[in-house]
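Novice:
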Amino acid sequence: MKQVIRSTRKNAAHDKAALSYKSKHSFTAFKQCLPVNNILVAPSLAIAEMASKKIINLFKFKRILSLFFIVLISSCADSADTLSKDSSIKASATILNQKELKQFANELSVQYNIVENQPEGKCNKKYAEGNCFLVEITLTYPETIYADNWAIYFSHIAPARSSSSHGLTLKHVNGDLHRITPSKQFSSLSPEPVSVSFLADFWHLSNSDVMPNYFVVVNDLKPEIIANTNEANKEFLVKQGEWFFGGVPDKPEYLLRGDKDKTRISSASFLYHQYNSQYEQQAKQQSSWKQRIIPKPYQSNFSATESLSLTQGIYLQQNDFDPRLNQADDENAVAISPNVKVKVKIAHAINRLAQIGVKQSEQGVPVTIRRSSEKSAHPESYQLSIDKNNIDILAPNASGAFYALMSLASLLDPETKTVATGSVQDKPRFDFRGMHLDIARNFHQVTLINKLLDQMSAYKLNKLHLHLADDEGWRVAIRGLPELTDIGGFRCFDLTETRCLLPQLGSGPFRNTSVNGFLNEAEYKAILIAAAERNIEVIPSFDMPGHSRAAVKAMEARFQNYKAKGELSKATEFLLTDRQDTTEYESVQYYHDNTINVCQPSTYRFVFKVIDEVKRMHQEAGVPLNRYHIGADETAGAWKQSPVCQRLIAETSSLNSVDDLTGYFIEKVAKYLSQKQIIAAGWSDGMKLVDDSNMPKPVQVNEWSTLFWGGHRSAHQLVNDDWQVVISSPDVLYFDFLYEVDAKEPGYYWASRRSNSQKVFQFMPDNLPAHAEIWQDRSGYAYQADDRPSSSNPVNQPIVKGKRVYGIQGQFWSESIRADAQVEYMIFPRLLALAERAWHKADWELLYHHQGRLYSQNSEYFTGSHQRARELDWLVFRDAVGYKELLKLDAANIAYRLPGVGAIRHNHQLLVNSEFPGVTVEVKPDENAPWQAYSPDVTVTDTALIRARSADGQRTGRAIPVETR
Numbered sequence: 011m012k013q014v015i016r017s018t019r020k021n022a023a024h025d026k027a028a029l030s031y032k033s034k035h036s037f038t039a040f041k042q043c044l045p046v047n048n049i050l051v052a053p054s055l056a057i058a059e060m061a062s063k064k065i066i067n068l069f070k071f072k073r074i075l076s077l078f079f080i081v082l083i084s085s086c087a088d089s090a091d092t093l094s095k096d097s098s099i100k101a102s103a104t105i106l107n108q109k110e111l112k113q114f115a116n117e118l119s120v121q122y123n124i125v126e127n128q129p130e131g132k133c134n135k136k137y138a139e140g141n142c143f144l145v146e147i148t149l150t151y152p153e154t155i156y157a158d159n160w161a162i163y164f165s166h167i168a169p170a171r172s173s174s175s176h177g178l179t180l181k182h183v184n185g186d187l188h189r190i191t192p193s194k195q196f197s198s199l200s201p202e203p204v205s206v207s208f209l210a211d212f213w214h215l216s217n218s219d220v221m222p223n224y225f226v227v228v229n230d231l232k233p234e235i236i237a238n239t240n241e242a243n244k245e246f247l248v249k250q251g252e253w254f255f256g257g258v259p260d261k262p263e264y265l266l267r268g269d270k271d272k273t274r275i276s277s278a279s280f281l282y283h284q285y286n287s288q289y290e291q292q293a294k295q296q297s298s299w300k301q302r303i304i305p306k307p308y309q310s311n312f313s314a315t316e317s318l319s320l321t322q323g324i325y326l327q328q329n330d331f332d333p334r335l336n337q338a339d340d341e342n343a344v345a346i347s348p349n350v351k352v353k354v355k356i357a358h359a360i361n362r363l364a365q366i367g368v369k370q371s372e373q374g375v376p377v378t379i380r381r382s383s384e385k386s387a388h389p390e391s392y393q394l395s396i397d398k399n400n401i402d403i404l405a406p407n408a409s410g411a412f413y414a415l416m417s418l419a420s421l422l423d424p425e426t427k428t429v430a431t432g433s434v435q436d437k438p439r440f441d442f443r444g445m446h447l448d449i450a451r452n453f454h455q456v457t458l459i460n461k462l463l464d465q466m467s468a469y470k471l472n473k474l475h476l477h478l479a480d481d482e483g484w485r486v487a488i489r490g491l492p493e494l495t496d497i498g499g500f501r502c503f504d505l506t507e508t509r510c511l512l513p514q515l516g517s518g519p520f521r522n523t524s525v526n527g528f529l530n531e532a533e534y535k536a537i538l539i540a541a542a543e544r545n546i547e548v549i550p551s552f553d554m555p556g557h558s559r560a561a562v563k564a565m566e567a568r569f570q571n572y573k574a575k576g577e578l579s580k581a582t583e584f585l586l587t588d589r590q591d592t593t594e595y596e597s598v599q600y601y602h603d604n605t606i607n608v609c610q611p612s613t614y615r616f617v618f619k620v621i622d623e624v625k626r627m628h629q630e631a632g633v634p635l636n637r638y639h640i641g642a643d644e645t646a647g648a649w650k651q652s653p654v655c656q657r658l659i660a661e662t663s664s665l666n667s668v669d670d671l672t673g674y675f676i677e678k679v680a681k682y683l684s685q686k687q688i689i690a691a692g693w694s695d696g697m698k699l700v701d702d703s704n705m706p707k708p709v710q711v712n713e714w715s716t717l718f719w720g721g722h723r724s725a726h727q728l729v730n731d732d733w734q735v736v737i738s739s740p741d742v743l744y745f746d747f748l749y750e751v752d753a754k755e756p757g758y759y760w761a762s763r764r765s766n767s768q769k770v771f772q773f774m775p776d777n778l779p780a781h782a783e784i785w786q787d788r789s790g791y792a793y794q795a796d797d798r799p800s801s802s803n804p805v806n807q808p809i810v811k812g813k814r815v816y817g818i819q820g821q822f823w824s825e826s827i828r829a830d831a832q833v834e835y836m837i838f839p840r841l842l843a844l845a846e847r848a849w850h851k852a853d854w855e856l857l858y859h860h861q862g863r864l865y866s867q868n869s870e871y872f873t874g875s876h877q878r879a880r881e882l883d884w885l886v887f888r889d890a891v892g893y894k895e896l897l898k899l900d901a902a903n904i905a906y907r908l909p910g911v912g913a914i915r916h917n918h919q920l921l922v923n924s925e926f927p928g929v930t931v932e933v934k935p936d937e938n939a940p941w942q943a944y945s946p947d948v949t950v951t952d953t954a955l956i957r958a959r960s961a962d963g964q965r966t967g968r969a970i971p972v973e974t975r
């Protein structure tokens, strides 16, 4: 209390707050100490009464109060917890210093609760097609405090559209950033909860929808993360039951989108039936996982009984390709001359074999690599022959030889170090076999990228679509534009955004976190070289004109900096906004300022500068820039009130309205890229807005329309227009989506709630509409895909005979994934099924019908024989993954997802299975029992859990409740 009295002399504003405290709350404060010394009861009550009734005269009692509190504190010495050393926060109406703020953040408890999904009659039809959910955020404090000069900032993916509270105010700031502040009705924080309720868009079906790292701000003090929301301590807090979010309730009304949602929850019994197959025995009789290569070769013939031991390693006896390609020299890789083109290094395939236990040795099995003279052979093709004594490889170039060695590694049984004898003739299905990695939303380290490159090359994927710029971050240094990474590479608490971008996606208030950062030139060049040596092309991606907030804010800061110096020409040189534009819009991620203005020359100076600098880095690394992805999506609503755009439209005959501006931008950038001998690439929704006659050829387009909403039509239109169409369907190829329908599975789910490895394996990229026969929409309903010719709409036509898609690509977006290990969890083992479909066209895939068909679950073009062949193929693939490839991922330290275990009770036994064999199943019979190895006769209770342990025994999967009824 001395602190309060001292502060009244220093700060008039605080005088008023302290007086308010004494008048309103003195009776409660005195009452806490009175039992300690009954002799103080009368004077304490008297002073409290005078203070509460005669506020205006309180100064007359200041000295009396001061002396009285000294006596009272002495009398209450045995109740130090009531008037402790921290009493300044408790007594004060303001938090005064960093120590008090830290204490406040450590002791404040935030609780996030989902009240209701789809609350009846409460959702505003203006937003999210009338879909919403109701949330309550509750604040409690271990003792009563009256400070009200704080603000809490937090990320919430879906914006708060309306809120209600008695004591708190909630405001949507921008993107996913929100703010809670005390309102005029605020009185105090205490063990009694103070809450704010709000409605937000769509649904809340996954625990990962909740973002961590809420933080509290007081004036110019350093922000502090609220302790029970701090992701750094999450594992400990969850075990203690103190984490701020208890999870989505395990009830259908919370796990489904509403009463009409027919999606099946992935319970243990559901998984058991999903994994179970009537063809198990037949698959084992027809083929063995020991002869299976992933991805499956074009042709292969292996002995079922004879094998070759590689326990002594291999000896590279002959290599017709340049011997220099056999040596990896990563330390000097960046110093390669600009005139030297980096080539595939067979040494990386040799390293892959060594990692899984097959090293080079003069005592090893002789390996001969010879150059094929067949001029018509595909550059990535190869022949592999294995007999009792030798391994022979024949390939047209180093890429084919590289893949032959990778097939040898895939064939290897990692436990016995043997390979089946036989022969392979192989070539790829698609020239474009891609994986997209988003390091823009949340930054991810070079180590992760290099690990991904190793695994992509092992499974013959050859394109890394590296997403480097989006709203939440710019992740590669651009010479001459340091603001892009100095500001755009970091998120922290700076509302002016002159030091960093706003916090988003649970990043918290500080710069020095793992989700912040960027690649410098040397790191980017090293990635290019590492990829090229593994036969992988890096496609840099900088999203424009939408999804560009990081660039917009960085160039705005540059403008302000040079403007303050009086250098106006420099200030406006790369400006990305029309400062007279009054347009109000909201992007898909709820920003109102994330789109560059495509109507002003400075925008193109910026874009062309970035292209030129990226091209230079590629050239200096010895890796030509062949493709550049411009994004080109999601700009609806921008530029309507921009004077610059209004002038451009008036002056340009080909422009009729702002709706034509995205196409105008794409055409202009694509032409510039073409002049530099670079292929332009973009997402389908933007690329469809161009005038095809104004576009150079070839052009790559990633088709990402949802199949159950008629996405095949868009893909077919683009194929017929001779675009290089890369299928990127979110129904199956978005690896940031949930594996299974379970709230504990991380990821998004707007297009699919079940994207497991088997579903990826089932994909038929050459026949998109046919999936209406075998899949449901995102709510579990059957759907139709009409691929018949349309007389009324010339766009809705089947694919012209002789044309086909160019390739497929898996996508990982990082909005809800912050840690590198989480990225690996989301990508693996799905990447193996992606590689299977990208490299190999299965016999069971339904051939495309160029005359057009109507597909549904009643059309039955995908016959029983197709289903049987697909199931047999899957079972062998599944066994090869489980018995061989998971061990290889373990050896590479990949934190892949361990499958959920299926389980049912049958005839007093517990029956279990798994998506992949080879993992150990463990059971926790009841909540107090230890984990133990599974046995069929184990007795389980209503609290029993089941899980998988990795093949190497080092990691465990997620525990799933065992249903006993």
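Numbering-wise, the numbering used here puts 508 at position 498 of the sequence shown, and it's gapless, one number per residue. In this text, a Cβ means the ideal position worked out from N, Cα and C, and glycines have one as well.
At 4 residues or longer, what runs of the alpha helix (DSSP H) sit wholly inside the segment 610 to 657?
Specialist: Segments of the alpha helix (DSSP H) lying fully in the segment 610 to 657: 611 to 631.
Novice: Is there contact here, the segment 225 to 237 with the segment 505 to 519, by at least three beta-carbon pairs under 8 Å?
Specialist: They touch, by the three-pair rule.
Novice: By alpha-carbon positions, which one of K769, L896 and P946 ends up nearest to P927?
Specialist: Within the sequence shown, numbered from 1, the residue matching residue 927 stands at position 917. Taking only the C-alpha atoms, the option nearest P927 is L896.
Novice: When burial is assigned at 16 or more other CB atoms within 10 Å of the CB, is S826 buried or exposed?
Specialist: Your numbering for residue 826 matches position 816 in the sequence shown. Classification for S826: buried.
Novice: Using DSSP with H/G/I as helix, E/B as strand and the rest coil, what is S960?
Specialist: Here residue 960 is taken as the residue at index 950 of the sequence shown, counted from 1. Correct three-state label for S960: coil.
Novice: Cutting at 7 Å between CB atoms, please list the residues of its own chain near P169, excluding the five before and the five after it.
Specialist: Residue numbering aside, residue 169 sits at position 159 when the sequence shown is read from its first letter. The residues are H182, A210, D211 and Y600.
Novice: At what residues does the alpha helix (DSSP H) containing W884 begin and finish?
Specialist: For the purposes of this step, residue 884 is taken as residue 874 along the sequence shown, with counting starting at 1. Run containing W884: G874 to A890, per the alpha helix (DSSP H) assignment.
Novice: Within 10 Å of its beta-carbon, does W760 have 16 or more other beta-carbons around it, so buried, or fewer, so exposed?
Specialist: Sequence index remark: in the sequence shown, residue 760 carries index 750 (1-based). Flag for W760 reads exposed.
Novice: In whole angstroms, give me the CA-to-CA distance for H859 and L728.
Specialist: Taking the sequence shown and counting its residues from 1, the one referred to as residue 859 is at position 849. Taking the sequence shown and counting its residues from 1, the one referred to as residue 728 is at position 718. Approximately 17 Å, taken between the alpha carbons.
Novice: Helix, strand or coil, according to DSSP, for A753 in the structure here?
Specialist: Start at 1 with the first residue of the sequence shown, and residue 753 comes out as number 743. It is coil, neither helix nor strand.
Novice: Tell me the rounded alpha-carbon separation between S371 and L778.
Specialist: Taking the sequence shown and counting its residues from 1, one reaches residue 371 at position 361. Taking the sequence shown and counting its residues from 1, one reaches residue 778 at position 768. Computed Cα separation, rounded: 48 Å.
Novice: What residue range does the beta strand (DSSP E) around A761 cover?
Specialist: Within the sequence shown, numbered from 1, the residue matching residue 761 stands at position 751. Careful: A761 lies outside any beta strand (DSSP E) and carries neither H nor E.
Novice: To the nearest angstrom, report how far apart A450 and L505 are at their CA atoms.
Specialist: Numbered from its first residue, the sequence shown carries residue 450 at position 440. Numbered from its first residue, the sequence shown carries residue 505 at position 495. In a straight line, the C-alpha of A450 is about 20 Å away from that of L505.
Novice: Between the alpha carbons of P808 and E577, how many angstroms are there, rounded?
Specialist: As a position in the sequence shown, residue 808 is number 798, starting the count at 1. As a position in the sequence shown, residue 577 is number 567, starting the count at 1. Taking the straight line from one Cα to the other gives about 57 Å.
Novice: Around the C-beta of E937, are 16 or more other C-beta atoms found within 10 angstroms, so that it is buried, or is it exposed?
Specialist: Along the sequence shown, one-based indexing puts residue 937 at 927. Looking at its Cβ environment, which holds fewer than 16 other Cβ atoms inside 10 Å, E937 is exposed.
Novice: Give me the Cβ distance between T582 and V562, rounded to the nearest whole Å; I'm assuming they're in contact under 8 Å.
Specialist: By one-based count along the sequence shown, residue 582 stands at place 572. By one-based count along the sequence shown, residue 562 stands at place 552. 14 Å between Cβ atoms; not a contact.
Novice: Are the CB atoms of N127 and H214 nearer to each other than 8 Å?
Specialist: Walking along the sequence shown from the start, residue 127 turns up at place 117. Walking along the sequence shown from the start, residue 214 turns up at place 204. Closer than 8 Å, so yes.
Novice: Among the residues of its own chain, which have a CB less than 7 Å from the CB of A680, if the five just before and after it don't count?
Specialist: Position 670 of the sequence shown, counted from the start, is the residue given in the question as residue 680. Excluding sequence neighbours, A680 sits near A690, M705, P706 and V709.
Novice: Please check the pair I304 and F887, which I expect to be a contact at CB under 8 Å, by giving their CB distance rounded to whole angstroms.
Specialist: To locate residue 304, count along the sequence shown from 1; it is residue 294. To locate residue 887, count along the sequence shown from 1; it is residue 877. Confirmed, Cβ separation roughly 7 Å.
Novice: Which stretch, first to last residue, makes up the alpha helix (DSSP H) that contains I606?
Specialist: Mapped onto the sequence shown, residue 606 falls at position 596. That residue, I606, is in no alpha helix (DSSP H); it is neither H nor E in DSSP.
Novice: Between D397 and L908, what straight-line distance do the alpha-carbon atoms span, to the nearest angstrom?
Specialist: By one-based count along the sequence shown, residue 397 stands at place 387. By one-based count along the sequence shown, residue 908 stands at place 898. Answer to the nearest angstrom: the Cα atoms are 35 Å apart.
Novice: Which runs of the alpha helix (DSSP H), 4 residues or longer, sit entirely within the segment 245 to 325?
Specialist: Complete alpha helix (DSSP H) runs here, min 4: 262 to 265, 278 to 285 and 290 to 296.
Novice: Since N545 contacts N472 with CB under 8 Å, what's their CB separation in whole angstroms?
Specialist: If you number the sequence shown from 1, residue 545 lands on position 535. If you number the sequence shown from 1, residue 472 lands on position 462. Contact flag correct, Cβ pair sits at about 6 Å.
Novice: Under 8 Å by Cβ, that's how I've got R265 and V911 pegged, so tell me the actual separation to the nearest angstrom.
Specialist: The residue you call residue 265 lines up with position 255 of the sequence shown. The residue you call residue 911 lines up with position 901 of the sequence shown. Residue identity check: residue 265 is Leu in the sequence provided, not Arg. Not quite, the Cβ-Cβ distance comes to about 19 Å (not below 8 Å), so this is no contact.
Novice: Would A831 be called buried (16 or more neighbouring beta carbons within 10 Å of its own) or exposed?
Specialist: The count along the sequence shown starts at 1 and reaches residue 831 at position 821. Burial call: exposed.
Novice: Please report the distance separating the alpha-carbon of L335 from that of A359.
Specialist: One-based indexing of the sequence shown puts residue 335 at position 325. One-based indexing of the sequence shown puts residue 359 at position 349. Summary for L335: the model assigns pLDDT 43, below 50, so the residue's position carries little reliability; its value from the coordinates is reported in the next sentence. Distance between the alpha carbons of L335 and A359: 11 Å.
Novice: Beta-carbon within less than 7 Å of E408's beta-carbon, same chain only, minus the 5 sequence neighbours each way: which residues are those?
Specialist: The residue labelled residue 408 in the question sits at position 398 within the sequence shown. A small fix is needed here, since residue 408 is Ala in this sequence, not Glu. Excluding residues within five positions, the ones whose Cβ falls inside 7 Å are F331, L335, K353, V354 and I356.
Novice: By the 10 Å Cβ neighbour count, where 16 or more other Cβ atoms means buried, how is G963 classified, buried or exposed?
Specialist: Locating residue 963 in the sequence shown gives position 953, where the first residue counts as 1. G963 comes out exposed.
Novice: If you draw a straight line from the C-alpha of D669 to the C-alpha of Q284, how long is it?
Specialist: As a working mapping, residue 669 is identified with position 659 in the sequence shown. As a working mapping, residue 284 is identified with position 274 in the sequence shown. The alpha-carbon atoms of D669 and Q284 are separated by roughly 46 Å.
Novice: Examine the Cβ distances between the segment 683 to 699 and the segment 760 to 769 and report whether three or more of them are shorter than 8 Å.
Specialist: Judged by Cβ distances under 8 Å, the segment 683 to 699 makes no contact with the segment 760 to 769, as fewer than three pairs qualify.
Novice: Can you give the beta carbon distance from D448 to A560, rounded, assuming they're within the 8 Å contact cut?
Specialist: Taking the sequence shown and counting its residues from 1, one reaches residue 448 at position 438. Taking the sequence shown and counting its residues from 1, one reaches residue 560 at position 550. The pair is not a contact, with the Cβ atoms about 13 Å apart (cut-off 8 Å).
Novice: Using CA coordinates, which residue listed in A138, W160 and T593 is at the minimum distance from L118?
Specialist: As a working note, residue 118 is residue 108 in the sequence shown. L118 has its Cα closest to that of W160, out of A138, W160 and T593.
Novice: List in chain order: all unbroken beta strand (DSSP E) runs of 3+ residues lying wholly within the segment 704 to 759.
Specialist: 710 to 713 and 734 to 737, all fully within the segment 704 to 759.
Novice: Can you grab the Cα-Cα spacing for the pair V742 / W884, in whole Å?
Specialist: For this step, residue 742 is matched to residue 732 along the sequence shown. For this step, residue 884 is matched to residue 874 along the sequence shown. C-alpha separation (whole angstroms): 16 Å.
Novice: With distance defined between alpha-carbon atoms, name the residue in F208, Y469 and S313 nearest to P129.
Specialist: Looking up residue 129 in the sequence shown gives position 119. Among F208, Y469 and S313, the Cα nearest to that of P129 is on F208.
Novice: What is the DSSP secondary structure of M836, reduced to helix, strand or coil?
Specialist: As a first step, residue 836 must be located in the sequence shown, where it is residue number 826. Note: M836 maps to helix in three-state DSSP.
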